[in-house]
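These notes concern the structure reproduced below.
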Amino acid sequence: MDDARRMALANLHAVAEACRRCPIGYTRTKVVCGVGDPHARLVIVGEGPGESEDKQGAPFVGRAGELLTKMLAAIGLAREDVFITNTIKCRATTDEGGRIANRAPMQEEMANCREYLDIELDVVRPRVILALGAPAAKSFLGPGFSITRQRGMWYRGPNGADLMATYHPAYILRLTGGNMNEVKKLVWADLQAVQAKLNEASVSTPAAPQASVQAQEPEVELKLDL
């Protein structure tokens with residue numbers, strides 16, 4: 007079963023590499039499909055690849071990825087325990103006075119890439135999906151979703167998975183002072199809710215051995231120290 011899932015994901019990667027549905031398919035360096043445990047109970051869905059991801063061909067490998075690794079560690083998980091992907095598989099950019107910068111994915115780009123995301127979710131079949139950032143959340147919950155008002159709430163996701171949205175690590179890194187500390191507290195609360203949901207799923211449905219998720223007392227500044 008593990009080999010079958012890995013083969014399905016490898017085949018998806020090959021198809022995505024040939025994709026030119028969007029203009030960004032011609033400007034990317036590498037296609038960036040999901041990586042991680044094909045049997046993961048938790049799937050992380052971000053917005054799209056940034057500069058580092060575009061160069062390396064893997065999601066969340068830049069500064070935001072370093073923070074995501076710390077966020078997962080705070081609830082007892084390693085990157086290898088989860089499956090990490092994005093709403094789009096190519097880097098979306100804009101020209102800011104001659105400097106190429108990242109931008110949020112357009113609705114059309116997410117729609118063109120949705121088939122790839124759906125296949126990843128069909129293959130992995132997670133119990134919990136954590137959407138990072140408003141674009142990722144809106145790809146599941148519609149354009150009216152508000153990350154400030156609706157983060158931390160549970161929704162029904164694809165294949166019956168429990169779905170929650172929280173702030174994107176890149177957004178946290180752009181904040182300073184008290185604003186950063188306040189958002190970190192909110193994200194920590196969301197992570198604890200994800201941890202509890204994973205523990206609940208482990209108790210209710212016996213599954214193949216997974217990395218244990220141990221309850222931890224929150225120390226926001228320590229756990230999500232930048």
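Sequence positions in the sequence shown follow our numbering and run 7 to 232. Just so it is clear, CB atoms sit at the ideal spot from N, CA and C, and this is done for glycine as well.
Buried/exposed call for residue i, threshold 16 Cβ in 10 Å
i: ALA16; result: exposed
i: ASP8; result: exposed
i: ARG133; result: buried
i: ILE106; result: exposed
i: GLU53; result: buried
i: GLY163; result: buried
i: ASN118; result: buried
i: TRP160; result: exposed
i: SER152; result: exposed
i: GLY166; result: exposed
i: ARG155; result: exposed
i: ALA24; result: exposed
i: ARG12; result: exposed
i: ALA10; result: exposed
Residue i to residue j span [Cα, whole Å]
i: ALA110; j: LEU138; result: 12 Å
i: TYR177; j: GLU57; result: 16 Å
i: ARG26; j: LEU18; result: 14 Å
i: GLU59; j: GLY68; result: 7 Å
i: LEU181; j: GLN198; result: 22 Å
i: GLY31; j: GLN113; result: 15 Å
i: PRO65; j: VAL209; result: 30 Å
i: GLU121; j: PRO55; result: 17 Å
i: GLY183; j: ASN108; result: 24 Å
i: PHE89; j: ILE50; result: 6 Å
i: PRO44; j: ASP101; result: 36 Å
i: ALA14; j: VAL130; result: 10 Å
i: LEU169; j: PRO29; result: 30 Å
i: LEU136; j: ARG97; result: 21 Å
i: ALA70; j: GLU188; result: 18 Å
i: ASP128; j: LEU83; result: 22 Å
i: LYS203; j: LYS191; result: 19 Å
i: MET186; j: GLY103; result: 29 Å
i: ALA140; j: LEU179; result: 16 Å
i: GLU72; j: THR93; result: 19 Å
Chain-order list of residues whose beta-carbon lies under 6 Å from that of residue i (same chain, five-residue window excluded)
i: ARG157; result: ALA171, THR172
i: ASP196; result: GLY158, THR172
i: ALA207; result: ARG133
i: LYS144; result: PHE151
Among the options, nearest to residue i - alpha-carbon criterion
i: VAL21; options: GLN62, LYS95, LEU48; result: LYS95
i: GLY63; options: LEU169, ASP196, VAL38, ASP87; result: VAL38
i: THR33; options: ALA14, THR99, ILE90, LEU83; result: THR99
i: THR91; options: LEU73, GLU115, ALA142; result: ALA142
i: TRP194; options: PRO175, ALA207, GLU126; result: PRO175
i: ASN205; options: ALA140, ARG12, LEU48; result: LEU48
i: PRO149; options: LEU179, MET116, GLU188; result: MET116
Sequence-distant residues of the same chain with beta carbon closer than 7 Å to residue i, five excluded per side
i: ARG85; result: GLY42, THR75, LEU78
i: ALA258; result: Outside the modelled stretch of the chain, which goes from 7 to 232, sits residue 258, for which no answer is possible.
i: PHE146; result: ALA137, GLY163, LEU169
Close Cβ partners of residue i (< 8 Å) along its chain, the five nearest in sequence each way excluded
i: LYS61; result: THR35, LYS36
i: ASP124; result: PRO164
i: GLU126; result: LEU15, LEU18, CYS39, GLY40, VAL49, PHE89, THR91
Bridge partner(s) assigned by DSSP for residue i
i: ASN108; result: THR99
i: GLN89; result: For clarity, residue 89 is Phe in the given sequence; the question names Gln instead. Paired residue(s): GLY42, VAL49.
i: THR172; result: LEU138
i: TYR161; result: LEU169
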